[in-house]
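Novice: My questions will all concern the structure given below.
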Amino acid sequence: MRRHILTIFLIGCCGLSARADDDIYKLGADSMRQEGVPKGRVIEKVWNSEVFPGTTRRYWIYVPTQYDESKAAALMVFQDGHAYVGEEGQFRVPVVLDNLIHRQEIPPMIVALSRPVARLEEYAADERHAAHVVEELL
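To convert, count from 1 in the sequence shown and add 78; that's this note's numbering.
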């Protein structure tokens with residue numbers, strides 16, 4: 079289980095790139111829709127940031143089918159979420175999560191995927207970024 083979480087974490091942090099037709103890295107079975115695996119919901123939202131005034135933000139929330147509102151759930155946050163949210167993209171995070179959660183290799187978790195407006199400025203040592211994540215995104 080830790081191996082899968084670490085893999086997802088490293089992909090999210092390092093911005094590794096893979097395509098389905100890549101000659102070097104071939105997407106594995108976890109990156110493909112599997113028969114009988116329930117599909118989680120991806121909800122897209124937009125809001126106007128108060129932490130970064132004058133900016134409109136997009137983010138997505140992934141909610142697995144197995145999520146039970148009466149129980150606490152794990153949380154994962156992806157920066158540059160627009161690169162990870164697609165089912166046909168390089169990373170296919172919702173598909174991978176659906177497969178791993180279905181096999182009980184990771185617990186059901188809520189995932190927030192945020193898209194920056196000015197990536198290099200926001201991710202730099204700027205206290206507003208932490209406030210943005212904690213106060214606005216979560």
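Ideal Cβ positions, reconstructed from N, Cα and C, are used throughout, including at glycine.
Exposed or buried, what is PRO191 when buried is set at 16 or more other beta-carbons lying within 10 Å of its beta-carbon?
Specialist: Looking at the sequence itself, residue 191 is Leu, so the reference to Pro does not match. Counting Cβ neighbours within 10 Å, LEU191 comes out buried, since at least 16 surround it.
Novice: Go ahead and label GLN157 buried or exposed: buried means 16 or more other beta carbons lie within 10 angstroms of its beta carbon, across all protein chains shown.
Specialist: buried
Novice: Relative to the C-alpha of GLN182, which residue among LYS104, MET110, PRO116 is closest?
Specialist: PRO116
Novice: Taking the beta carbon of ARG170 as the centre, do at least 16 other beta carbons fall within 10 Å, making it buried, or is it exposed?
Specialist: buried
Novice: Does the segment 124-132 come into contact with the segment 171-181, if we say contact requires no fewer than three beta-carbon pairs (one atom in each stretch) closer than 8 Å?
Specialist: no
Novice: Candidates LYS104, PRO142, MET110, SER109: which alpha carbon is nearest HIS180's?
Specialist: Minimum Cα distance to HIS180 is reached at PRO142.
Novice: Please name the residue in HIS160, ARG193, GLU165, LYS123 whose C-alpha comes closest to that of GLN112.
Specialist: Per the Cα distances, GLU165.
Novice: Out of ILE188, VAL124, GLN168, ILE121, which has the shortest C-alpha to C-alpha gap to ALA150?
Specialist: ILE188
Novice: Please give the ranges of any alpha helix (DSSP H) in the segment 142-213, keeping only runs that are unbroken, at least 4 residues long and fully inside the region.
Specialist: 171-180, 197-201, 205-209
Novice: Buried or exposed for TYR162, please, with buried defined as at least 16 other CB atoms from any protein chain shown within 10 angstroms of its CB.
Specialist: buried
Novice: Rounded to whole angstroms, what's the CA-CA distance from ASP204 to GLY106? Just pull it up for me.
Specialist: Distance from the CA of ASP204 to the CA of GLY106, rounded to the nearest whole angstrom, comes to 37 Å.
Novice: Given a cut-off of 8 Å, decide if SER127 and GLU214 are closer than it, judged by their beta-carbon atoms.
Specialist: yes
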